[in-house]
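Here the structure comes first, spelled out in C-alpha cells, and everything after it is commentary.
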Amino acid sequence: EDKVVQSPLSLVVHEGDTVTLNCSYEVTNFRSLLWYKQEKKAPTFLFMLTSSGIEKKSGRLSSILDKKELFSILNITATQTGDSAVYLCAVSSGSARQLTFGSGTQLTVLP
Amino acid sequence: DAGVTQSPTHLIKTRGQQVTLRCSPKSGHDTVSWYQQALGQGPQFIFQYYEEEERQRGNFPDRFSGHQFPNYSSELNVNALLLGDSALYLCASSQGQLRLMNTGELFFGEGSRLTVL
Numbered sequence: 001e002d003k004v005v006q007s008p009l010s011l012v013v014h015e016g017d018t019v020t021l022n023c024s025y026e027v028t029n030f031r032s033l034l035w036y037k038q039e040k041k042a043p044t045f046l047f048m049l050t051s052s053g054i055e056k057k058s059g060r061l062s063s064i065l066d067k068k069e070l071f072s073i074l075n076i077t078a079t080q081t082g083d084s085a086v087y088l089c090a091v092s093s094g095s096a097r098q099l100t101f102g103s104g105t106q107l108t109v110l111p
Numbered sequence: 112d113a114g115v116t117q118s119p120t121h122l123i124k125t126r127g128q129q130v131t132l133r134c135s136p137k138s139g140h141d142t143v144s145w146y147q148q149a150l151g152q153g154p155q156f157i158f159q160y161y162e163e164e165e166r167q168r169g170n171f172p173d174r175f176s177g178h179q180f181p182n183y184s185s186e187l188n189v190n191a192l193l194l195g196d197s198a199l200y201l202c203a204s205s206q207g208q209l210r211l212m213n214t215g216e217l218f219f220g221e222g223s224r225l226t227v228l
C-alpha cells in the first residue's frame, strides 16, 4: 500500500521567516510527486516533480525531489500571512489514475 | 472559464440515509475523480470516471457508488450513511486520465461538506 508522510504536522512562524516542509513516501512504481496548497477547501496545484535533483521554483516557493532517499521538500522564503494554509504532498504511482496524499502540514504565518 | 463546480456545498444527513453529490468538471476536461477528506487528514481517493466508466477504485466499500454522464459531469452516491462518512468530498477533473502524469494539474472543486448525525 502506498504511503506518504509529511512533517511537521503544524508550524507557526512569523512573517519573513523561511520554512521547509518535508514529505517522504513509499510507493510501488513511482511516477510523480505533487505539492498542493489548501487554504479553505479546494487544493490548488503548486508543483509536480518527476526527476531527482531538479529544483522547481515559483516566486518564493521552491521544491526538490530525491528519488533515492524517497523524499521531497517544499521551501517558502520570506513568508507572508497569505502563505498560511495546509500544504499537501501527494504521489502518483502505477497507472497514475489516483493520487495518494499525506496528512498535510498546517502552516500559520503570524504578522 | 468555469472551474470545477460541486453541489451542494453543505448538507446534513442522519445515519442510514442516502446522499448524492454532484460535480461538473472544468471546461475541456473529461475525467472526474472523487476524494474524501476527513477533518485534519489529506484527501483519500474514492474512484475515477472516464468515458462514463469507473476506471479505478480506492479502498471504499460498495456503499460508495458513482456515475459519469455524457457531458462528463459526475455524481457520487453514498448509501446507508455512517457517522464516519462525515467529511469534505472533493471532486477533481483532468483532461485524459494519463495526462495527469504529464501536467500534474488536477483541478479541484470547492467540495461538498457532509455532516452525518
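Chains as they are written, first to last, in the working numbering: chain A, 1 to 111; chain B, 112 to 228. Think of the CB as a built atom: it goes at the ideal place given N, C-alpha and C, for glycine as much as any other residue.
- Span of the beta strand (DSSP E), counted from its first residue to its last, around S51(A): On the first sequence, residue 51(A) is found 51 positions in, with the first residue counted as 1. Neither: S51(A) is in no beta strand (DSSP E) and is coded neither H nor E.
Closer than 8 Å is the cut-off here; do at least three beta carbon pairs connect the stretch 182–200 of chain B with the stretch 142–162 of chain B? Cβ pair count under 8 Å is three or more, so yes.
| Is T105(A) helix, strand or coil when you go by DSSP? | Within the first sequence, numbered from 1, the residue matching residue 105(A) stands at position 105. Residue state, collapsed to three classes: strand.
request  = Express the C-alpha separation of L122(B) and V5(A) in angstroms, rounding to a whole number.
outcome  = As a position in the first sequence, residue 5(A) is number 5, starting the count at 1. As a position in the second sequence, residue 122(B) is number 11, starting the count at 1. Approximately 31 Å, taken between the alpha carbons.
*CB contact below 7 Å: G139(B) versus chain A*: By one-based count along the second sequence, residue 139(B) stands at place 28. It does not; no Cβ of chain A falls within 7 Å.
- Query: At a CB-CB cut-off below 9 Å, which residues of chain A make contact with S197(B)?
  - Reply: Working through the second sequence from its first residue, we reach residue 197(B) at position 86. The contacting residues do not exist; S197(B) stays about 15 Å from chain A at best.
Worksheet entry | G82(A), buried or exposed, once every other Cβ within 10 Å from all chains shown has been counted against 16 | Stepping through the first sequence from its first residue, residue 82(A) is reached at position 82. G82(A) counts as exposed, since fewer than 16 other C-beta atoms from the protein chains shown sit within 10 angstroms of its C-beta.
_Using the three-state DSSP reduction, which class does D173(B) fall into: helix, strand or coil?_
By 1-based counting over the second sequence, the position of residue 173(B) is 62. In the structure shown, the three-state DSSP call for D173(B) is coil.
Is the Cβ-Cβ distance between I76(A) and V19(A) less than 7 Å? On the first sequence, residue 76(A) is found 76 positions in, with the first residue counted as 1. On the first sequence, residue 19(A) is found 19 positions in, with the first residue counted as 1. Their beta carbons are under 7 Å apart, which means I76(A) touches V19(A) by this criterion.
* **Own chain, CB closer than 8 Å to S93(A), minus 5 neighbours either side, in chain order** => The residue given as residue 93(A) occupies position 93 in the first sequence. Excluding residues within five positions, the ones whose Cβ falls inside 8 Å are D2, V27, T28, N29, F30, R31, T100.
Cβ closer than 8 Å: which chain A residues qualify as neighbours of Q167(B)? As a working mapping, residue 167(B) is identified with position 56 in the second sequence. What Q167(B) touches in chain A: S95, R97, Q98.
Exposure of F180(B), with buried meaning 16 or more beta-carbon neighbours within 10 Å: Here residue 180(B) refers to the residue found at position 69 of the second sequence. Burial call: exposed.
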